[in-house]
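Participant: Take a look at the following structure, please.
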Amino acid sequence: MKTVHDIADIKGKRILLRTDFDVPVGDDNVIQEPFRIAAQKAMIDHLVAQGAHVVLVAHISAIDSFGPIVDQLEKILGHSLKLLPEVSDVAGHTASSADVGLLDNVRRWDGEKDNDPEFAKGLAQGFDCYINNAFAVSHRGHASVVAITEHLPSYAGFVVEQEVKHLSEVIAAPSHGKVVIMGGAKASTKVPVVKQFMDKADAILVGGVIANDILKARGQDIGESTVDENLSELLEGLDIADPKLVIPHDFHWGEGKILDIGPESIKKFEAVISQAAMVIWNGPMGLFEDRRFALGTSSIARAIANSKATSILGGGDTIAAINQFGFAGSYTFVSTGGGAMLAFLGGEELPALKALHYYA
Ligand code: ADP
Ligand code: MG
């Protein structure tokens with residue numbers, strides 16, 4: 028995989044940079060979690076300092092346009108941005124302006140999700156090269172991360188390079204001493220990781236809705252707790268009786284539902300974490316947004332922060348939780364990828380990494 032370091036002479040080059048600005052935005056148009064945006068700063072700084080002409084391409088799901096948040100993006104990134112409403116504005120911008128350009132929400136065009144070669148060709152117009160710095164989108168077969176690489180010399184940016192380095196170390200690290208913690212709500216994206224690490228880790232600790240799923244499959248009464256519908260399909264091939272799978276055994280209930288792991292389970296999880304050489308964590312243990320059900324998640328976040336283990340974590344809500352509890356900066360590596368991190372760890376080939384020739 029070629030990286031930014033392989034671009035011979037950055038000065039004066041017209042560079043199309045795929046960034047990841049897909050952040051939660053409140054009704055007041057205030058960015059609620061700037062982590063992903065901040066992670067882009069080093070790459071943009073580097074290219075601008077080297078004298079490149081840069082246009083950013085990114086998507087946002089929470090709102091239709093970057094318009095209402097451009098000033099906040101500028102503040103976080105420390106660069107003034109020129110918002111470009113149309114794909115046809117992009118090529119002209121690089122020729123005429125020194126400002127960093129930002130094409131408005133690339134998912135406004137059907138060609139993006141369709142991985143349309145013509146759309147990608149339009150994006151590539153007027154550029155010398157393309158950099159993918161959006162690891163969190165790299166599990167998508169979209170035009171701005173896949174088809175675009177057919178039209179421009181393409182490179183991995185700092186974020187993609189770092190993500191791949193840390194996440195492949197997770198896969199390569201010895202099984203002994205490795206502890207995987209999976210929680211949260213999107214069980215269908217997490218169970219493949221549990222399966223993948225079953226015989227490549229000392230223990231897999233589960234919380235959140237995944238734990239509910241497994242408890243239900245074991246025949247335990249979990250009342251009105253949230254579970255996935257396609258349980259048997261989801262858990263197929265997973266030995267739910269394997270002692271490596273550490274399931275919570277006491278709970279904090281609310282309105283007939285399991286909404287957090289209980290004090291005995293917290294102690295058990297803390298004990299396992301304290302013995303680990305490497306911890307991988309994705310997904311909160313409970314409904315941490317409500318303070319009454321936050322203790323499981325905050326205790327796990329603290330236990331990992333206090334352990335000597337190499338710690339790798341990710342997931343939008345997991346990151347929100349560590350920031351809320353004041354543990355940001357306490358871990359070895361925080362992934363910008365939620366779904367992409369899980370897909371990578373689950374052993375999938377990520378289409379955008381494939382397009383960068385990551386896989387031999
Ligand atoms: P991440 O974004 O970190 O990958 P997910 O999106 O999969 O995590 O899940 C996070 C959500 O899961 C949070 O909103 C949290 O409140 C919810 N959650 C965790 N445990 C439970 C539970 N037992 N019941 C219902 N929701 C839960
Ligand atoms: Mg989430």
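So for the sequence shown, the numbering used here puts the first residue at 28; every next one is plus one.
We put the CB at the ideal spot given by N, CA and C, even for glycine.
#1: May I have a chain-ordered list of the beta strand (DSSP E) segments no shorter than 3 residues that lie completely inside the stretch 226 to 280?
#2: Can the beta-carbon of K192 be found closer than 8 Å to that of K227?
#3: Under 8 Å by Cβ, that's how I've got D344 and P311 pegged, so tell me the actual separation to the nearest angstrom.
#4: Under three-state DSSP, which class holds F354?
#5: Tell me the start and end of each unbroken beta strand (DSSP E) in the stretch 61 to 144 that is at least 3 residues and wholly inside, in chain order.
#6: Within the same chain, show all residues whose beta-carbon is closer than 6 Å to that of F185, passing over the 5 residues directly before and after it, in chain order.
#7: Does the separation of the CB atoms of I158 and R45 fall below 8 Å?
#8: Any heavy atom of the ligand ADP inside 7 Å of the beta-carbon of D344?
#9: So F296 and I327 are supposed to be a Cβ contact under 8 Å. How far apart are they, rounded?
#10: Assuming K192 is part of the alpha helix (DSSP H), what are its boundary residues?
#11: For K140, collect the residues of the same chain with a Cβ closer than 7 Å to its Cβ; drop the 5 residues on either side in sequence, then sort them by chain order.
#12: Out of curiosity, what's the CA-to-CA distance linking S202 and D229?
#13: Heavy atom of the ligand ADP less than 7 Å from the Cβ of L314, yes or no?
#14: Measure the Cβ-Cβ separation of L340 and Y358 and say whether it is below 8 Å.
#15: Using three-state DSSP, classify K335 as helix, strand or coil.
#16: Taking 7 Å as the cut-off, is the C-beta of G341 nearer than that to any heavy atom in the ligand MG?
#17: Per DSSP, what kind of secondary structure is F162 in: helix, strand or coil?
#18: What's the gap between the Cα of S115 and the Cα of G365?
#19: Looking at the secondary structure, which residues open and close the beta strand (DSSP E) in which K40 lies?
#20: Looking at V82 and V117, is the spacing between their C-beta atoms short of 8 Å?
#21: Along the alpha helix (DSSP H) that carries L314, what are the first and last residues, could you check?
#22: Quick one, which of K102, A214, V299 and G119 has its alpha-carbon nearest L43's?
#23: Taking I175 as part of the alpha helix (DSSP H), name the residues at either end of that continuous run.
#24: Any beta carbon from chain D within less than 8 Å of H193's own beta carbon?
#25: At a cut-off of 7 Å, is G365 close to the ligand MG when judged by its beta-carbon and the heavy atoms of the ligand?
#26: Between which residues of its own chain and I349 is the CB-CB distance below 7 Å, once the five residues before and five after are set aside?
#27: Distance, Cα to Cα, L262 vs I58?
#28: Just mark Q302 as buried or exposed, buried being the case when its beta carbon has 16 or more other beta carbons within 10 Å.
#29: Taking all protein chains shown into account, decide if E190 is buried (16 or more other Cβ within 10 angstroms of its Cβ) or exposed.
#30: Any idea if M217 is buried or exposed, counting beta-carbon neighbours within 10 angstroms, 16 or more meaning buried?
Facilitator: Concretely, from the data shown:
#1: 230 to 233
#2: no
#3: Confirmed, about 6 Å.
#4: coil
#5: 80 to 84, 108 to 111 and 127 to 130
#6: For F185, where only same-chain residues beyond five positions count, the Cβ hits under 6 Å are A69 and M70.
#7: Here I158 is near R45, since their CB atoms are less than 8 Å apart.
#8: yes
#9: 6 Å
#10: F185 to A199
#11: R134 and H169
#12: Rounded to the nearest whole angstrom, the C-alpha separation of S202 and D229 is 6 Å.
#13: yes
#14: The answer is yes: Cβ separation under 8 Å.
#15: coil
#16: Within 7 Å of the C-beta of G341 there is not a single heavy atom belonging to the ligand MG.
#17: Of the three classes helix, strand and coil, the one that applies to F162 here is helix, per DSSP.
#18: 32 Å
#19: Careful: K40 lies outside any beta strand (DSSP E) and carries neither H nor E.
#20: Contact: yes.
#21: Per DSSP, L314 belongs to no alpha helix (DSSP H) and is neither H nor E.
#22: If we check each option's Cα against that of L43, G119 comes out closest.
#23: Where I175 is concerned, there is no enclosing alpha helix (DSSP H), given that its DSSP letter is neither H nor E.
#24: You won't find chain D in this structure, because it holds only one protein chain.
#25: yes
#26: A328 and A355
#27: 36 Å
#28: exposed
#29: buried
#30: Residue 217 is actually Lys in this sequence, not Met. The residue in question, K217, is buried, as its Cβ has 16 or more Cβ neighbours within 10 Å.
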